[in-house]
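Read through the structure below, which is laid out as structure tokens, and then see the notes.
2 protein chains.
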Amino acid sequence: MKAFAAVVTLEEALERYLAALWPQPRGEETVPLERALDRVCAADIRAAEDLPPFHRSTVDGYAVRSQDLLHASPRAPVALQLVGSVQMGEVPDLRVEPGQCARVPTGGVVPTGADAVVMQEHTQAEGQAVHVFRPVALGENVLHQGEDARRGEVVIRRGTRLRPQELGLLAGLGVVDVPCYLPPRVAVFSTGDELVPPDCQPRPGQVRDMNAYTLTAQVARLGGVPRFGGILPDQAAVVEAALRDAMRTADVVLASGGSSVGVLDVLGEVVPRLGQPGVVVHGVAIKPGKPTLLAVCDGKAVVGLPGHPASAMVVFDLLVRPVLEAMLGIRPDARGPRTVPANLVAPLTAPRDRDEFVRVRLRWQEDVLAAEPVLGKSGMITTMTRADGYVRVPTGTQLDAGTSVEVRLFD
Amino acid sequence: MKAFAAVVTLEEALERYLAALWPQPRGEETVPLERALDRVCAADIRAAEDLPPFHRSTVDGYAVRSQDLLHASPRAPVALQLVGSVQMGEVPDLRVEPGQCARVPTGGVVPTGADAVVMQEHTQAEGQAVHVFRPVALGENVLHQGEDARRGEVVIRRGTRLRPQELGLLAGLGVVDVPCYLPPRVAVFSTGDELVPPDCQPRPGQVRDMNAYTLTAQVARLGGVPRFGGILPDQAAVVEAALRDAMRTADVVLASGGSSVGVLDVLGEVVPRLGQPGVVVHGVAIKPGKPTLLAVCDGKAVVGLPGHPASAMVVFDLLVRPVLEAMLGIRPDARGPRTVPANLVAPLTAPRDRDEFVRVRLRWQEDVLAAEPVLGKSGMITTMTRADGYVRVPTGTQLDAGTSVEVRLFD
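For the record, the sequence lines run as chains F and V. Numbering-wise, the first sequence is residues -19 to 391 according to the working numbering. Numbering-wise, the second sequence is residues -19 to 391 according to the working numbering.
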């Protein structure tokens, strides 16, 4: 029986795991617009009407026929006849004929006959005459009917995470009930006989559990629903029972610690018993994070992460985040730029057998971002608190100081 | 009486406003660690003990004295005497003498006498002898007591926004009650006779209010507590009553629309009556956003934003965000890089009298980020939904295609 697969590259690990798990949103729900921030849209949203629904003035001024003002200038202003005033929120009962104009406020309806609006600053009113000091282009200062969104047009694509501006667009189109994907439920466990909860005073040889907090917070930041299941001892029966129980209500089960190659390898023993097909990847050629375990158990994702807090966080970002994003329903091309260009300020060398992910701090230096490696062992959480993101150094490669690199920013 | 100040630059507007308002956190509270994500720490956090509290092994292997292995190699392995095994979570009752070693798991206590840990992969056990195939450096595979955080050291500075990694560090140090600043309360109003709520069908000449959603979401994303106060008609008495009422419970009052130079300039009329010193800035040399109004009324921030949704969002980011960040208590140097370098793919020209803020979409092109301007009038919310951030074009300047620019990413 081959319980463990061989160590594979990051790309191979992810490809195999996504193929075996095929992560999908678990369903949809309708969310009121005022609670839809950061949710992921579950349908293409089409404009049911034109936005704006009429030609709107974008300034305070006078609706005019641009032809009338072709030769207007400060020295030779053109006098137009004022035929009325547009009230906000109402359709004016007037028509602008050649030689005429109508007062229009910002956001007001541009009346029939007019094809542009001249700003108030470029005019002088004198009784029923308005003197205009400059020409306007056809359509100037007018937001045309349907210019923002045309009726029938897809304005927000399925799989878009809703930012403040998407909420505004939905409001403008009257979409107050938003179809959204249900977020994945993620159970988080910490394993290890040395761990105590943070509100306990560790006895000699014990340490406080950090991964419960980092991992649940990473899940929450992505938009998943985390639930911390507790600290588990290094006992196969206890771990198996806890994971089985969690799998009944969670879509993803994360357990940190215990996935290394030592005597504590409870997870490697337990996971194959939890369901089919079991372990997909055990061992990834990355530093930190080599002892990562990726399993699929009867349709659920079960992931063993390293126990070191910084390692667990980096592996979460590299391997769990893509799974959760797929479950969240985020369209791959809608995720925006996740990396930024920067210049390394110190050389970095990866080991001969693994890609290394080095935490860096970023700062502007002249007109480039400088990436300064944060030194320290991957067991140190402060390598994460002192960093803004991380850089990938390919296997066996030295990146010289000054090399242009892509920095993955922390969420 | 001088109700309106002259148009000023963005920097001057911000400087004057921050000086007049002097925004500060309104207080502090203790937040349980599990709810402290994204909150701002209100005190310097010192480590009450060393982290880790003892020398920990970072691998599964054998605790050794590095001197013993100076000449170890695959051809000439060094045999050490196994004197015991460290149990997780316990302090071993043993001492490693010259020529000896002890089994130690990842995270286990490195026993007295040992000064390094050799990985299991580089050894072969044979009864009570362990053959080691390579040397180890002094301290190798050991996370020393206090190496992550030293007792008494400030590990999180006041004014730090707490990310997942900071929560982990706090957990590791046993800080389960976190001193945090109280978030600012922000009342949001939309003004304009043409506005209807998004669940209403606009009559001809009316449009649905978008700013209620974009601005409250922007406040929420920053960590403020937004409350939408409703759509107000263009009537000074109604607006004044609503703003007065909001000022009783809000630290900041935002009103979009109505701050332009037209007949609808209710806000400019009302704000000076709300308290001292009143209007600080009315008119900023930026596009979009010229008609912005910044006021201080009896210690409260009152801000009039343009009615155009995209303009209101950009002005929020430029002028309201710094105010809220100060009220949130975020240390200016703790805000991380907020801009990224990119290359413009098309030329941009600002007007002669204002800096222009142009929305851009970012994509990787070879090893640089390319910034593609999103075209469209500032009345169009889709200029925001199609963008990842914006670029500043200084007054009267043309930026050629290929110019290296700083892009402010949307939050």
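Idealized CB from N, CA, C, for every residue including glycine.
Tell whether a beta-carbon distance below 9 Å holds between residue i and residue j.
i               : j               : result
G119 of chain F : V20 of chain F  : no
L324 of chain V : S236 of chain V : no
V251 of chain V : L285 of chain V : no
R366 of chain F : L153 of chain V : no
L395 of chain V : F296 of chain V : Missing from the structure shown is residue 395 of chain V; chain V here goes from -19 to 391 and no further.
L1 of chain F   : A281 of chain F : yes
S37 of chain F  : D95 of chain F  : no
Q145 of chain V : F390 of chain F : yes
G203 of chain V : L304 of chain V : yes
V168 of chain F : L247 of chain F : no
L149 of chain F : L31 of chain F  : yes
L254 of chain V : D225 of chain V : no
Given residue i, which residues of its chain have a CB within under 6 Å of its CB, disregarding the five upstream and five downstream residues?
i               : result
A326 of chain F : P353 and A381
H102 of chain F : F113 and R114
L157 of chain V : The amino acid at residue 157 of chain V is misidentified as Leu; the sequence shows Asp. The residues are T10.
S239 of chain F : Per-residue confidence for S239 of chain F stands at a pLDDT of 49, beneath the threshold of 50, marking its modelled position as unreliable; the derived number appears in the next sentence. L247, P271, L273 and G284, listed in sequence order.
Can you list, in chain order, the residues of its chain whose CB lies under 8 Å from that of residue i, leaving out five sequence neighbours each side?
i                 : result
P374 of chain V   : A330 and D335
Q108 of chain F   : Q61 and L62
G7 of chain F     : Y161 and L162
E133 of chain V   : R26 and A27
V243 of chain F   : Because V243 of chain F sits at a pLDDT of 40, beneath the cut-off of 50, its placement in the model cannot be relied upon, and the following sentence gives the value as read from the coordinates. Within the same chain, V243 of chain F has no close Cβ partners at all.
D24 of chain F    : V134, I136, R137 and R138
L(-10) of chain V : V264, A265, I266, L298, L299 and D335
Skipping 5 residues on each side, what residues in its chain have a beta carbon closer than 7 Å to that of residue i?
i               : result
P213 of chain F : D173
L74 of chain F  : V63, G64, A82 and P91
Q100 of chain V : D40 and G41
Q125 of chain F : D30, P32, P33, F34 and H35
For a contact defined as C-beta to C-beta under 8 Å, what are the partners of residue i on chain V?
i               : result
D214 of chain F : M68
T38 of chain F  : H288, K357, S358 and G359
P302 of chain F : By Cβ distance, chain V contributes nothing, its closest Cβ being about 17 Å from P302 of chain F, past 8 Å.
M293 of chain F : P144, Q145 and G148
V156 of chain F : P178 and D179
Determine the chain F residues that contact residue i at a beta-carbon separation under 7 Å, and present them in chain order.
i               : result
T194 of chain V : P144, Q145, L147 and G148
G263 of chain V : Within 7 Å Cβ-Cβ: nothing; G263 of chain V doesn't reach chain F, min ~12 Å.
E127 of chain V : M360
Let me see if you follow: with CB-CB separation under 9 Å, is residue i close to chain F or not?
i                 : result
P321 of chain V   : yes
P331 of chain V   : no
I361 of chain V   : yes
F34 of chain V    : yes
E(-9) of chain V  : no
C180 of chain V   : yes
F113 of chain V   : no
D73 of chain V    : no
V89 of chain V    : yes
A(-17) of chain V : For A(-17) of chain V, the predicted model reports a pLDDT of 44, less than 50, meaning its position is unreliable; a value from the coordinates is still stated below. Not an interface residue.
F337 of chain V   : no
V63 of chain V    : no
Could you work out which residue in the options is closest to residue i when comparing CA atoms only?
i                : options                           : result
K357 of chain V  : F:F390, F:Q4 and F:V39            : F:V39
A105 of chain F  : F:A200, F:E127 and F:P57          : F:P57
V340 of chain F  : F:D368, F:P54 and F:P321          : F:D368
E346 of chain V  : F:M307, F:R332 and F:E386         : F:E386
Y(-3) of chain V : V:A314, V:R318 and V:V261         : V:V261
P164 of chain F  : F:P5, F:P268 and F:H35            : F:P5
V294 of chain V  : V:V199, V:V135 and V:G69          : V:V199
L308 of chain V  : V:V283, V:V218, V:G185 and V:P159 : V:P159
G359 of chain F  : F:G287, F:G93 and F:R332          : F:G287
N121 of chain V  : V:R253, V:A43 and V:G263          : V:A43
V218 of chain V  : V:P177, V:D48, V:S170 and V:D333  : V:S170
V205 of chain V  : V:A350, V:V116, V:T229 and V:G87  : V:T229
Using a cut-off of 8 Å between C-beta atoms, extract the partners of residue i located in chain F.
i               : result
A82 of chain V  : Within chain F, no residue comes near A82 of chain V; the closest Cβ sits about 14 Å away, beyond 8 Å.
E9 of chain V   : Within chain F, no residue comes near E9 of chain V; the closest Cβ sits about 19 Å away, beyond 8 Å.
E305 of chain V : Near E305 of chain V there are no residues of chain F at all, since even the closest Cβ is about 16 Å away, more than 8 Å.
E120 of chain V : Simply none; closest approach about 10 Å.
Using a Cβ-Cβ distance under 9 Å, would residue i count as near chain V?
i               : result
S384 of chain F : yes
D347 of chain F : yes
V243 of chain F : Residue confidence is low: V243 of chain F scores 40 on pLDDT, short of 50, so the model does not pin down where it sits. No coordinate-derived value is stated.
E106 of chain F : no
Under 7 Å Cβ-Cβ, which residues of chain V neighbour residue i?
i              : result
L13 of chain F : P178 and Y193
Who are the neighbours of residue i on chain V, taking C-beta pairs under 9 Å?
i               : result
V187 of chain F : L31, P32, P33, F34, R36, G69, G87 and G152
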